[in-house]
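Chemist:
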Amino acid sequence: MSVQLDATLAAKGHAKVVVALTSEAAAAADTSSIRNELEDCFMEPDSSQQASLATANMALSASLSSQNVKPAPKMRIYPHLGLALGVVDTDGARRIAESRAAADVVEAPVISLIRPVLVRPGRLTTRPSWGIRRIKADKLWENGFTGDGIVVGHLDTGIDGKHDALVDAIDEFAEFDFNGNRVAGATAWDSGNHGTHTAGTIVGRPSNDAFGVAPKAKVASGMVIEGGQVVDRILAGMEWVASKGVRILSMSLGLRGFTPAFQVIVDALRNADILPVIAVGNEFANSSRSPGNYANVLSVGAMDQDELVAGFSSSDSFNRPNDPLVPDIVAPGVDILSCIPGNRYRKMNGTSMATPHIAGMAALLLQAKPNASVGELEMSIQKSCIRPASMPEARANRGVPDAMEAFFHLTGRRL
């Protein structure tokens, strides 16, 4: 067990943990033997705390009623991710660590949304956004690559399914309540503005202005943040995305600083052949967020129209031989126009705005080569980068990706 988990158990007597299952246990995760072996190690959830969460959830969502807010189970298993989740005491943690079904056990991370640093009014124009033009996504459009047939995973605050810019852009919507249970029959809505804005950057449909990088792709959008049992909600969203066979996942969330607690979750995504495209954070230089600072995610920082790394964009270095600098790349993240609920539009600044540009680019590339591995997708984007002289390596790392060059590195063909 980790030092962090030991410290929490010593202080509180219990801790929520994520268990990475062995490959054999993951393959048999739905069998009674695996469930019985692990479930006995977990504690029953605190009923008074669960009741309070259910009340808060009903207050948040008019789509919910008391009869469909379910309590949290003693243990959750996510078979597509090969993970289990629950609360343990010291003895339970020890027994899990000794179990043949567990490859690792870590304290569940407490993560939050990476909020934009500036929101201001925006209006539609008559040409593709500066972000689309800067990464040359529009050049791939001209050659027929618009993301058609590709579904991008989108875990955020939700999505406004009634927005004109998102008509026919939602493959499926999933709402997860404050206990991490999927809400049956939920229609697509946004508990804030963030999710609709990021989704619009990925798949927004053309109107007067084009701001969706992959305007013929669709999103599998899960409302997972913020509020309630956040890690339960996020893991439930990831499991749902993985079950759909989605290959690209866009997330703008994390825990400030470095913690290895999310590593087992990221490893599970990569093992499921999903490319995690994650914002690095908005806390300025010499900072980063986990999991956006992990070596095996595609981490994204923000740049502006003057070819500068945005001042707020996080950047950091690590003592590791593989990918010591983060972010991996930078993308347009200042004055980014996209949609928000109520058929409105706003410009926002943040690495959260840069990240969906790259998720959308990955969708264009995946249309070009549907059988590409996530490693090939990631490699093609990274190899396409050029770092302008105005961007220090410590802040921008590889620099800015070019969709046309990424296409060449992925397919071997020039357009």
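In terms of my numbering, the sequence shown is residues 140 to 554. Ideal Cβ placement from N, Cα and C applies to all residues, glycine included.
(1) Is the separation between the beta-carbon of Ile-497 and that of Val-416 shorter than 8 Å?
(2) What's the gap between the Cα of Ala-159 and the Cα of Ser-519?
(3) Would you decide whether Leu-148 is buried or exposed? Buried here means 16 or more other CB atoms lie within 10 Å of its CB.
(4) DSSP three-state label for Asn-435, please.
(5) Counting only the same chain and skipping the five closest in sequence on each side, list residues whose C-beta sits under 6 Å from that of Ala-424.
(6) Alpha carbons only, please: which of Lys-275, Val-322, Pro-527 and Gln-506 is nearest the one belonging to Gly-297?
(7) In this structure, does DSSP put Met-390 in helix, strand or coil?
(8) For a test of the three-state rule: what should DSSP assign to Asp-243, helix, strand or coil?
(9) Any idea if Ser-202 is buried or exposed, counting beta-carbon neighbours within 10 angstroms, 16 or more meaning buried?
(10) How far does the alpha helix (DSSP H) with Arg-234 in it reach, from first residue to last?
(11) Sort Leu-388, Asp-443 and Leu-464 by Cα distance to Leu-505 and report the nearest one.
(12) If we define contact as Cβ-Cβ less than 8 Å, is Cys-524 a contact residue for chain C?
(13) Please report how far the alpha carbon of Ala-211 lies from the alpha carbon of Ser-456, in whole angstroms.
(14) Cβ of Gly-292 within 8 Å of Cβ of Val-380?
(15) Identify, in the order they occur along the chain, each residue of the same chain with its Cβ nearer than 6 Å to the Cβ of Leu-464, setting aside the five sequence neighbours on each side.
(16) Kindly indicate which three-state DSSP category His-302 falls into: helix, strand or coil?
(17) Give the straight-line distance between the Cα atoms of Ser-204 and Gly-334, rounded to the nearest whole angstrom.
(18) Return the residue from the list Gly-261, Val-157, Asp-145 and Ala-150 that minimises the CA-CA distance to Val-369.
(19) Between which two residues does the alpha helix (DSSP H) harbouring Glu-176 extend?
(20) Using the beta-carbon count (16 or more within 10 Å), is Asp-541 buried or exposed?
(21) Using 8 Å as the threshold, is the C-beta distance between Asn-318 and Asp-371 below it?
(22) Jot down the residue ranges of each uninterrupted beta strand (DSSP E) in the segment 331 to 382, minimum 3 residues, whole runs only, in chain order.
(23) Looking only at DSSP bridge pairs, what is Gly-225 linked to?
(24) Just list the beta strand (DSSP E) runs in the segment 480 to 553, keeping only unbroken ones of 3 residues or longer that don't cross its boundaries, in chain order.
(25) State the CB to CB distance for the pair Ala-353 and Leu-503, rounded to an integer number of angstroms; the pair is presumed to be in contact (CB under 8 Å).
(26) I'd like to confirm the pairing. Which residues does DSSP put opposite Ile-475 in its beta bridges?
(27) Just to confirm, are Thr-567 and Pro-248 a CB contact at a threshold of 8 Å?
(28) CB-CB under 6 Å to Ala-375, same chain, minus the five flanking residues each way: which ones, in chain order?
(29) Enumerate in chain order the residues of its own chain whose CB-to-CB distance from Arg-556 is below 8 Å, with the five nearest sequence positions on each side excluded.
(30) Would you please state the rounded distance, in angstroms, between the beta carbons of Ala-240 and Thr-326? I believe it to be under 8 Å.
(31) For Ser-268 and Ile-475, what's the separation of their Cα atoms in angstroms?
(32) How long is the line joining the alpha carbons of Gln-206 and Leu-447, rounded to whole angstroms?
(33) Quick check on Ile-289: does DSSP put it in helix, strand or coil?
(34) Can you name, in chain order, every residue of its own chain whose Cβ lies under 6 Å from the Cβ of Leu-294, other than the five neighbours on each side?
(35) Provide the residue(s) that pair with Asp-445 in DSSP beta bridges, ordered along the chain.
(36) Tell me whether Pro-509 is buried or exposed, calling it buried when 16 or more other Cβ atoms sit within 10 Å of its Cβ.
Modeler: With the structure as the only source:
(1) On the sequence shown, position 358 is the one that residue 497 refers to. On the sequence shown, position 277 is the one that residue 416 refers to. Cβ distance < 8 Å, so Ile-497 and Val-416 count as in contact.
(2) Indexing the sequence shown from 1 puts residue 159 at position 20. Indexing the sequence shown from 1 puts residue 519 at position 380. Rounded to the nearest angstrom, the two C-alpha atoms are 30 Å apart.
(3) If you number the sequence shown from 1, residue 148 lands on position 9. Burial call: buried.
(4) For the purposes of this step, residue 435 is taken as the residue at position 296 of the sequence shown. In the structure shown, Asn-435 sits in coil (DSSP, three-state: anything other than H, G, I, E or B).
(5) What you label residue 424 is simply residue 285 of the sequence shown in a count that begins at 1. Ser-454, listed in sequence order.
(6) Taking the sequence shown and counting its residues from 1, the one referred to as residue 297 is at position 158. Gly-297 has its Cα closest to that of Val-322, out of Lys-275, Val-322, Pro-527 and Gln-506.
(7) Here residue 390 corresponds to residue number 251 of the sequence shown, with the count starting at 1. Reduced to three states, the DSSP call for Met-390 is strand.
(8) As a first step, residue 243 must be located in the sequence shown, where it is residue number 104. In the structure shown, Asp-243 sits in a strand (DSSP, three-state: E or B).
(9) Counting from one through the sequence shown, the residue named residue 202 turns up at place 63. At Ser-202 the pLDDT is 49, less than 50, meaning the model places this residue with poor confidence; the figure from the coordinates comes in the next sentence. Here Ser-202 is exposed: its Cβ has fewer than 16 other Cβ atoms, across all protein chains shown, within 10 Å.
(10) In the sequence shown, residue 234 corresponds to position 95, counting from 1. Annotation for Arg-234: the continuous alpha helix (DSSP H) segment containing it runs 229 to 237.
(11) Start at 1 with the first residue of the sequence shown, and residue 505 comes out as number 366. Among Leu-388, Asp-443 and Leu-464, the Cα nearest to that of Leu-505 belongs to Leu-388.
(12) Absence of chain C from the displayed structure is noted, only one protein chain being present.
(13) On the sequence shown, position 72 is the one that residue 211 refers to. On the sequence shown, position 317 is the one that residue 456 refers to. Near 39 Å, if we compare the C-alpha coordinates of Ser-456 and Ala-211.
(14) Locating residue 292 in the sequence shown gives position 153, where the first residue counts as 1. Locating residue 380 in the sequence shown gives position 241, where the first residue counts as 1. Here Gly-292 is near Val-380, since their CB atoms are less than 8 Å apart.
(15) Within the sequence shown, the letter at position 325 stands for residue 464. Within the same chain, and ignoring the five residues on either side of Leu-464 in sequence, the residues whose Cβ sits closer than 6 Å to its Cβ are Ser-456 and Asn-536.
(16) Numbered from its first residue, the sequence shown carries residue 302 at position 163. Here His-302 sits in coil by DSSP.
(17) The residue given as residue 204 occupies position 65 in the sequence shown. The residue given as residue 334 occupies position 195 in the sequence shown. Note that Ser-204 has pLDDT 39, beneath the 50 cutoff, so the model's placement of it is unreliable and no number is given.
(18) Within the sequence shown, numbered from 1, the residue matching residue 369 stands at position 230. Out of Gly-261, Val-157, Asp-145 and Ala-150, the CA that lies nearest to the CA of Val-369 is found in Val-157.
(19) As a first step, residue 176 must be located in the sequence shown, where it is residue number 37. The continuous alpha helix (DSSP H) containing Glu-176 extends over residues 171 to 178.
(20) Residue numbering aside, residue 541 sits at position 402 when the sequence shown is read from its first letter. Buried.
(21) The residue labelled residue 318 in the question sits at position 179 within the sequence shown. The residue labelled residue 371 in the question sits at position 232 within the sequence shown. It is a contact, given that the beta carbons lie within the stated cut-off.
(22) Counting only runs of 3 or more, we get 357 to 362.
(23) As a working note, residue 225 is residue 86 in the sequence shown. In the DSSP assignment, the residues bridged to Gly-225 are Val-156 and Met-214.
(24) With a minimum length of 3 residues, the continuous beta strand (DSSP E) runs that stay inside the segment 480 to 553 are 483 to 488.
(25) Residue mapping note: residue 353 aligns to position 214 of the sequence shown, counting from 1. Residue mapping note: residue 503 aligns to position 364 of the sequence shown, counting from 1. Taking the Cβ atoms as the reference, Ala-353 lies roughly 5 Å from Leu-503, within the contact range of under 8 Å.
(26) Locating residue 475 in the sequence shown gives position 336, where the first residue counts as 1. According to DSSP, which records beta bridges pairwise, Ile-475 is partnered with Met-487.
(27) Given a span of 140 to 554 for the chain in the structure shown, any question on residue 567 remains unanswerable.
(28) Taking the first residue of the sequence shown as position 1, residue 375 is located at position 236. So the list reads Phe-315 and Gly-319, once near-sequence residues are dropped.
(29) Outside the shown range of the chain (140 to 554) lies residue 556, about which nothing can therefore be said.
(30) On the sequence shown, residue 240 is found 101 positions in, with the first residue counted as 1. On the sequence shown, residue 326 is found 187 positions in, with the first residue counted as 1. Taking C-beta atoms under 8 Å as the contact rule, Ala-240 and Thr-326 fail to qualify, at a distance of about 38 Å.
(31) As a working mapping, residue 268 is identified with position 129 in the sequence shown. As a working mapping, residue 475 is identified with position 336 in the sequence shown. Their Cα atoms are separated by approximately 8 Å.
(32) The residue given as residue 206 occupies position 67 in the sequence shown. The residue given as residue 447 occupies position 308 in the sequence shown. Residue confidence is low: Gln-206 scores 42 on pLDDT, short of 50, so the model does not pin down where it sits. Its coordinate-derived value is still stated next. The alpha-carbon separation between Gln-206 and Leu-447 amounts to approximately 52 Å.
(33) Within the sequence shown, the letter at position 150 stands for residue 289. Under the three-state reduction of DSSP, Ile-289 is assigned to coil, being neither helix nor strand.
(34) Locating residue 294 in the sequence shown gives position 155, counting from the first residue. Cβ neighbours of Leu-294 within its own chain (closer than 6 Å, five residues either side excluded): Gly-361, Val-363, Gly-376 and Met-390.
(35) Here the question's residue 445 lines up with position 306 in the sequence shown. Answer is none; Asp-445 lacks a bridge partner.
(36) Mapped onto the sequence shown, residue 509 falls at position 370. The residue is exposed, with fewer than 16 neighbouring Cβ atoms inside 10 Å.
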